[in-house]
Amino acid sequence: DAGITQSPRHKVTETGTPVTLRCHQTENHRYMYWYRQDPGHGLRLIHYSYGVKDTDKGEVSDGYSVSRSKTEDFLLTLESATSSQTSVYFCAISETQGAGYEQYFGPGTRLTVT
Amino acid sequence: GNSVTQMEGPVTLSEEAFLTINCTYTATGYPSLFWYVQYPGEGLQLLLKATKADDKGGNKGFEATYRKETTSFHLEKGSVQVSDSAVYFCALSDFGNEKLTFGTGTRLTIIP
């Protein structure tokens with residue numbers, strides 16, 4: 041199994057509060073991704089990183105920011121959580137970003153915004 | 074843009090039944106195609122993949138053939154087991170847009 045951990049695994053927070061989710065990898069892979077999983081939508085890309093301090097937006101980036109100060113850590117921040125951000129969040133990593141290359145997924149974080 | 078359409082679920086089958094989960098795609102180039110599986114309470118893991126037309130990917134008794142003429146990548150298994158109960162996602166990546174695009178997922182339940 042790829043060495044990917046996510047913390048916390050579960051979180052309940054109130055609307056308007058900031059939330060930070062952490063993804064940690066031990067594989068030294070260059071690329072890291074944050075997805076959200078919602079019924080009827082599959083997985084949708086929020087942000088991704090192609091190196092330390094190098095990040096870019098995905099298809100559902102509004103309301104989210106990311107940071108990557110070390111190869112092994114990729115943080116997802118909800119600056120002011122809203123109920124529409126209640127979801128399961130998955131981190132993924134890949135060695136390179138070419139067609140045909142596998143992404144490895146973490147166990148997920150279930151976030152509930154009340 | 075790229076998109077993936079897969080069979081709506083949920084799908085419920087008896088053990089040892091034949092399984093097909095349909096997946097079709099739209100892509101501007103020559104994509105690679107994937108099936109990922111998500112077991113309860115876990116993240117996604119790669120089940121199989123195919124990187125060019127007519128390739129057949131296979132793993133754990135599952136197979137899928139990359140059909141460029143029908144833009145399809147249907148997942149099949151000849152005899153399912155209770156342990157195959159999971160959510161299955163079809164996905165693609167394409168040159169020039171190598172991030173994964175996922176279908177909505179199909180929940181499969183196998184009953185003894």
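If you read the protein sequences in the order shown, they are chains E and Y.
The numbering used here puts the first residue of the first sequence at 41, with every later residue one more than the last.
The numbering used here puts the first residue of the second sequence at 74, with every later residue one more than the last.
Using N, Cα and C, we set each Cβ at its ideal position, and we do this for glycine too.
- Burial state of Arg-49/E is exposed, judged by a 10 Å Cβ sphere holding fewer than 16 other Cβ atoms.
- Taking a contact as a CB-CB distance under 8 Å, the pair Tyr-71/E and Phe-130/E does not count as one, their CB atoms being some 14 Å apart.
- When rounded, the separation of the alpha-carbon atoms in Lys-122/Y and Ser-105/E is 31 Å.
- Across the structure, Leu-119/Y and Thr-99/Y are spaced so that their CA atoms are roughly 21 Å apart.
- DSSP places Ser-124/E within a helical segment (H, G or I) once states are collapsed to three.
- Contact annotation for Phe-175/Y against chain E: Gly-82 and Leu-83 [CB-CB distance below 7 Å, chain order].
- A distance below 6 Å between beta-carbons, with the five flanking residues on each side excluded, links Val-160/Y to the following residues of its chain, in chain order: Gln-111, Gly-178 and Arg-180.
- Using beta-carbon distances, Lys-172/Y counts as an interface residue toward chain E, with a partner under 8 Å.
- Under the three-state reduction of DSSP output, Ser-107/E falls in the strand class.
- By the criterion of at least three beta-carbon pairs nearer than 8 Å, the stretch 85 to 105 of chain E is not in contact with the stretch 44 to 60 of chain E.
- The count of Cβ pairs closer than 8 Å, one atom from the stretch 75 to 87 of chain Y and one from the stretch 149 to 164 of chain Y, reaches three, so the stretches are in contact.
- Within the same chain, and ignoring the five residues on either side of Glu-99/E in sequence, the residues whose Cβ sits closer than 7 Å to its Cβ are Arg-84 and Leu-85.
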